[in-house]
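S.K.: In this text, residue positions in the first sequence follow full-length UniProt numbering: the first is 1, and each later residue adds one.
Shown below is the structure under consideration.
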Amino acid sequence: MDPILDGLNHAQREAVTSSGSILQVLAPPGSGKTKTLTARVAYLLSHHGYQPQDVICCTFTIKASREMRERLANLIGEKLESRLILGTFHSICRRYLVKYGYLIGLRKGFGIADSDDTRAIIKRTIKRLNSSIEVKAAQGRISRHKAHGLSPDAVSQRAKAEELELVDIYRDYQSALAASNLLDYDDLLLRCSDLLRDHPQCVSNVQAVLVDEFQDTNIIQYELMNLFASKSRRITIVGDPDQSIYGFRSAEIKNLKRMQGRYSNTTVVLLEDNYRSAGSILNAAQEVIEQDEARPAKALQATHTFGTLPVLRRLPTPNAEAQWMVLEIKRCAAMTGGLLRMSDFAVLLRSASLSTQIETAFGRAGIPYKMVGGRKFFDRTEVKIILNYMRVANHTGHSDALLNIVNVPPRRIGDETIRQLTSGAEQAKLPLWDFIKDVIQGRRSTEKKLQKAAEQGLCNLVKLIEASRQKLQECEDASAPRVLIEFITERLSFQEYLIRTYPLDEDTRWANVKELMHQATEVAAFEEEEVDKEMDLPEIEGVEQQQTHAGEEALTRFLANVALATEITKEEDNKEGTPTEKVTISTIHAAKGLEWPVVFVPAVYNGSIPHSRAEVIEEERRLLYVAMTRAQALLYLSVPIRQPRLGEGEDGATTLTPFLPPKLTKTRFRQTGPSLHEKVVYAIADILRRPRPSLDDMYKGLEFLPSTLDDRWTPEGEEDRSKFESTSASHDVSDEPNPKRRRSDMNQGPKTTTYMSSTGYTMNDSTGFTLPPTATTGFTSARDHIAAYPQLTSESAAESASSTHADATRAIEPKPSSGAGRKDGLTQASISNFFGGPGTQKREPVVPNRPQPPPRRYELPTSQNQRLPAKTNVPPTLSSHRVQPRPLIPTGPTLEPANTSGYTWLATPSGPPASRPRITVTQERGVGNASTNGTAGAEVKPEASRGFQSATTFHTTTMSMVQQGPRRTLGIRRSMNGWQDRMKRESGGG
DNA sequence: TTGGTATTGATTTTT
DNA sequence: TCAATACCAA
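Here it is in structure tokens:
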């Protein structure tokens, strides 16, 4: 058997081995899309004998291209992998333009205009033309025209009057780019397609073209694909119309049809088995996407068990929402006995700006996280300054970069001076830089005489840039970027400048500059090995490739990578005790193609999703679909019922997204987090294909939980006043009125114990939630609890109904006897399992009067506390607020009849219905403790203890995160052109 | 004319 | 939280 085909199902195999030269693979979420595509690449190399440098593989995002490289390296080896022409459309185009751009009159050493440059240029011309068009709107419309391949002239021909205003801006923008020798993102594609259309010999070597996420291609990218394949006409595309979420970037789902029309011999293969998600999640997601009636029906078959229903949680405010996520993450982590680690959780957001509250809540609670998407490393002001110096040094014609740094650090060059200079340069038809040089050397003068101070400042600037250029000329190797950064920071006394300007966080800002240096160093090290030659395009007879000064070339490439990558991977500082395990917070867009065991999608209200400014609401629905289908085992959607800030309703009330109509939420969702008893946990383990945790391990975490249920808020999304009376007085905990006061509350307790602080829960209790100062209302009986959640019973019934057929597919065990007493019986069984089932040495429900350290939530009277191990001593403030052990009575949602794979419970002795097992969690802890010394679950132990102990280190991480402020964590992306290959070599090889 | 301080305003998604 | 604007003192 061909190892390439190992582990592929029938449809995947068919796709991989298809002899059709034009192949479309339609691959819904979790169907092994990337696996199939990489296998196809490997198959083409090994069975068709193509050389890797003759295969082009286009992805859409950098992350996707990195993943593809990694997978291919495993499949075909690094040697071959590194020679593939693989990358984002933009980066591949850049490579072609660098080598062959001269054929279409592109000037050497062109730079890439990032969105900041674009915005600045457009802003300037709008001002000059006195246009009333908004900058952002103009930017978007110009980009759209370009994505359709329309030049300013082309637009003006078919334009209406109002469009003509834009055409002027468009023209002006284009000439500004040309003047600075810049290409914007659209130009990269556009000019490359010009190149290949006029000079197809540049790609005459290409044997096969593969495109990932084809539904996200725009017209130009589609044309590029065809041009790449103009010789061989062998194309494989993988895509899913349901996951098209880049329409705002002119992506056209129509390209699928267009391609079929263009190539009559198109073969279409459908993948429909989902290997990622629980059946319950798929059902819910499928129902969301099927609301789109224009969409062709497409099957999506679950291969996993039904699992537990997804959650749609209502909460009072965005802040409560964030705190709830903290609670649920901790609850999941603790109650699954080390099965789930921090890196198994993801929070997916419609907008990156939603992250702030979540980040602060996580920071306070000691949840380590990393933010993906949102603000980019290379966009930080301090980094940007250095980069702009480098850009000017690289190419003095880059007027926008020059304008950005002309008075940074301050050189007494103010607005007026700049106005004189720019208008003078324009009149003289000179680049700004040349004009400035002429002025200070006395060859020219401005309309109005410049101030002495300003002139002196300009003089210093020119000297610095000239010196930098000199330095660059002297440096004829790949170290140029690093050399230049060092030189510039030194000459600017940049660190002192940062201290002066940003006294609050000058250290992190300086650290960012250091990080930039580090990146440059890495590039240099990589290129010195000359491995990068393999990244070059293959030589083609008869077409000359353009050569450049090595140092300049290295700098240009560095800057291009920066513009195209905009994020970098920070190497994990694996210092002792630093957890590398982090919760991912990401935009939904940036999460495409990825998966996590547990996914949270907060803010599912109208205006957020669909976004209030969204143009196509179908796309927003697909966005929700994409977000939901990232989840493997647990999916949480949530919505704050009030949005105090920008809410459109009078009191800031929100409305649930129309994508989740009542008939859907009633049948496919539960209202609160699932009870995480044994069977649920086992189902999670099975879906993740991880070993089931032992019951011991599952007990271990419980004592640190304030509750084993998701019950701090009512299912309707109010704070539960019966338990948290004092907090309801000020229900916008959200705005965190006076943290100091609360902190002092906490500090009434003994300052104590590494243990306390190490749980990471002290922090949370003290700041995240408002604890009632007195214990009067702390106790809630389970009966009260049930009374408060009447709907749960029916909900669980719905779940069992909807899950029956899914059961059948996977039932390993005989079904529980169904019938009248079924619900109770099941519940009892699962609960008693949970607290003392056959997984442990104890078969009986635990002896009630055996003294055991209780979990905090169900605190025993203080007399019992004396028997706690010294280190687990609980401060009086915390122990006092709940005085009685809370009996746990099975409630509706603990029913999980879907998970018949948990076979242990059938053997469990369940009490007679009359005497329900009123087991306190105290006992449950006892079981856990007792069996810690036993043998049960020994093999799972390392995992479990890691998950648990890390709480200690979470805390420390948090502290550093809090000090640094939010979003200091560097993103996980890495620019391409081999940076990641180097990483791989280092980590993988060593 | 500059540069500091205060106020206000604003925040889709990515290459 | 950050950035752009507005105003005032030098």
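Backbone N, C-alpha and C fix where the C-beta goes; we use that ideal spot for every residue, glycine too.
Quickly, what does DSSP pair Val639 with across the bridge? List them, please.
M.R.: When beta bridges are read from the DSSP output, Val639 appears opposite Arg314.
S.K.: With distances taken between CB atoms, is the gap from Ala365 to Val311 smaller than 8 Å?
M.R.: In this structure, Val311 does not lie closer than 8 Å to Ala365 by Cβ.
S.K.: Taking just the CA atoms, how far does Ala361 sit from Glu736?
M.R.: For Glu736, the pLDDT reaches just 35, beneath the cut-off of 50, and the residue's location in the model is therefore unreliable, although a value from the coordinates is still provided. Distance between the alpha carbons of Glu736 and Ala361 is about 11 Å.
S.K.: Distance check for Asp720 and Asp711, CA to CA, integer angstroms please.
M.R.: 8 Å
S.K.: Would you report the Cα separation of Arg295 and Ala39, rounded to the nearest angstrom?
M.R.: 29 Å
S.K.: If contacts are defined as beta-carbon pairs under 8 Å, then Glu382 and Met371 qualify, I think. What distance do you get, rounded to the angstrom?
M.R.: The Cβ separation is near 18 Å, so there is no contact.
S.K.: If I measure Cβ to Cβ from Ile219 and keep anything under 8 Å in the same chain, skipping five residues before and after, which residues do I get?
M.R.: Contacts found: Ala147, His148, Gly149, Ser250, Glu252, Asn255.
S.K.: Within the chosen definition, does the stretch 441–455 reach the stretch 466–484 through at least 3 CB pairs nearer than 8 Å?
M.R.: no
S.K.: So if DSSP puts Ser586 in a beta bridge, which residue, or which two residues, is it bridged to?
M.R.: Leu348, Val372
S.K.: Under DSSP, the beta strand (DSSP E) around Thr236 begins and ends at which residues?
M.R.: 235–239
S.K.: Buried or exposed for Asp696, please, with buried defined as at least 16 other CB atoms from any protein chain shown within 10 angstroms of its CB.
M.R.: Taking all protein chains shown into account, Asp696 has 16 or more neighbouring C-beta atoms within 10 Å of its C-beta and is therefore buried.
S.K.: Quick one: what's Glu719 bridged to in DSSP?
M.R.: Answer is Trp713.
S.K.: Quick check: the Cα distance between Glu716 and Phe659, rounded to an integer number of angstroms?
M.R.: 19 Å
S.K.: Give the straight-line distance between the Cα atoms of Asn9 and Ile281, rounded to the nearest whole angstrom.
M.R.: 22 Å
S.K.: Which word fits Ser493, buried or exposed, when buried means at least 16 other C-beta atoms lie within 10 angstroms of its C-beta?
M.R.: exposed
S.K.: Exposed or buried, what is Lys160 when buried is set at 16 or more other beta-carbons lying within 10 Å of its beta-carbon?
M.R.: exposed
S.K.: According to DSSP, which residues form a beta bridge with Asn274?
M.R.: Looking at the DSSP assignment, Asn274 forms a beta bridge with Ala302.
S.K.: Give the range of the beta strand (DSSP E) segment to which residue 1047 is assigned.
M.R.: Nothing in the structure corresponds to residue 1047, since the chain is present only between 1 and 990.
S.K.: Bridge partners for Ser608 per DSSP, in chain order?
M.R.: His611
S.K.: Can you check which of these residues, Ala138, Ala176, Tyr185, Asn181, is closest to Leu164 by C-alpha distance?
M.R.: Ala138
S.K.: Can you say whether Gln427 is buried or exposed, counting buried as having 16 or more other CB atoms within 10 angstroms of its CB?
M.R.: Around the beta carbon of Gln427, a 10 Å sphere encloses fewer than 16 other beta carbons of the protein chains shown; the residue is thus reported as exposed.
S.K.: For Asp117, count neighbouring Cβ atoms within 10 angstroms of its own Cβ and tell me buried if that reaches 16, exposed if not.
M.R.: buried
S.K.: Looking only at its own chain, which residues have a Cβ that is under 7 Å from the Cβ of residue 997, when we skip the five neighbours before and after it?
M.R.: For residue 997 there is no data in the structure shown, the boundaries of the chain being 1 and 990.
S.K.: Considering Cα atoms alone, identify which of Gln495, Ser143, Ile92, Gln260 is closest to Leu224.
M.R.: Ile92
S.K.: Applying the 10 Å Cβ sphere with the 16-neighbour rule, what's the burial state of His677?
M.R.: buried
S.K.: What separation, rounded to the nearest whole angstrom, lies between the Cα atoms of Pro410 and Lys63?
M.R.: Straight through space, the alpha carbons of Lys63 and Pro410 are spaced by roughly 38 Å.
S.K.: Quick check: what's the CA-CA separation for Gly30 versus Thr629?
M.R.: 8 Å
S.K.: Between the stretch 393–412 and the stretch 432–446, are three or more C-beta pairs nearer than 8 Å?
M.R.: With a cut-off of 8 Å, the stretch 432–446 and the stretch 393–412 count as touching, because enough Cβ pairs lie within range.
S.K.: Going by Cα to Cα distance, which pick from Glu541, Lys679, Gln643, Thr267 is closest to Met335?
M.R.: Lys679
S.K.: Using beta-carbon positions only, say whether Leu348 and Ala591 come within less than 8 Å of one another.
M.R.: Judged by beta-carbon spacing, Ala591 lies within the 8 Å limit of Leu348, meaning their Cβ atoms are closer than that value.
S.K.: Counting Cβ pairs, one atom from each stretch, are 3 or more of them under 8 Å apart for the stretch 47–63 and the stretch 94–105?
M.R.: no
S.K.: Could you check what DSSP says for Thr489 in three-state terms: helix, strand or coil?
M.R.: DSSP places Thr489 in helix when its eight states are reduced to three.
S.K.: Using a Cβ-Cβ cutoff of less than 7 Å, which residues in the same chain neighbour Asn460 once the five nearest sequence positions on both sides are dropped?
M.R.: Arg411
S.K.: Could you tell me the alpha carbon to alpha carbon distance between residue 991 and Leu300, rounded to whole angstroms?
M.R.: Nothing about residue 991 can be reported from this structure: the residues present for the chain run from 1 to 990 only.
S.K.: If distances are taken between C-alpha atoms only, which option among Phe377, Asn226, Ile386, Ala454 comes closest to Asp415?
M.R.: It is Ala454 whose Cα lies nearest to the Cα of Asp415.
S.K.: Looking only at its own chain, which residues have a Cβ that is under 7 Å from the Cβ of Ile104, when we skip the five neighbours before and after it?
M.R.: Only Arg191, Asp194, Leu195, Asp198 meet the Cβ criterion.
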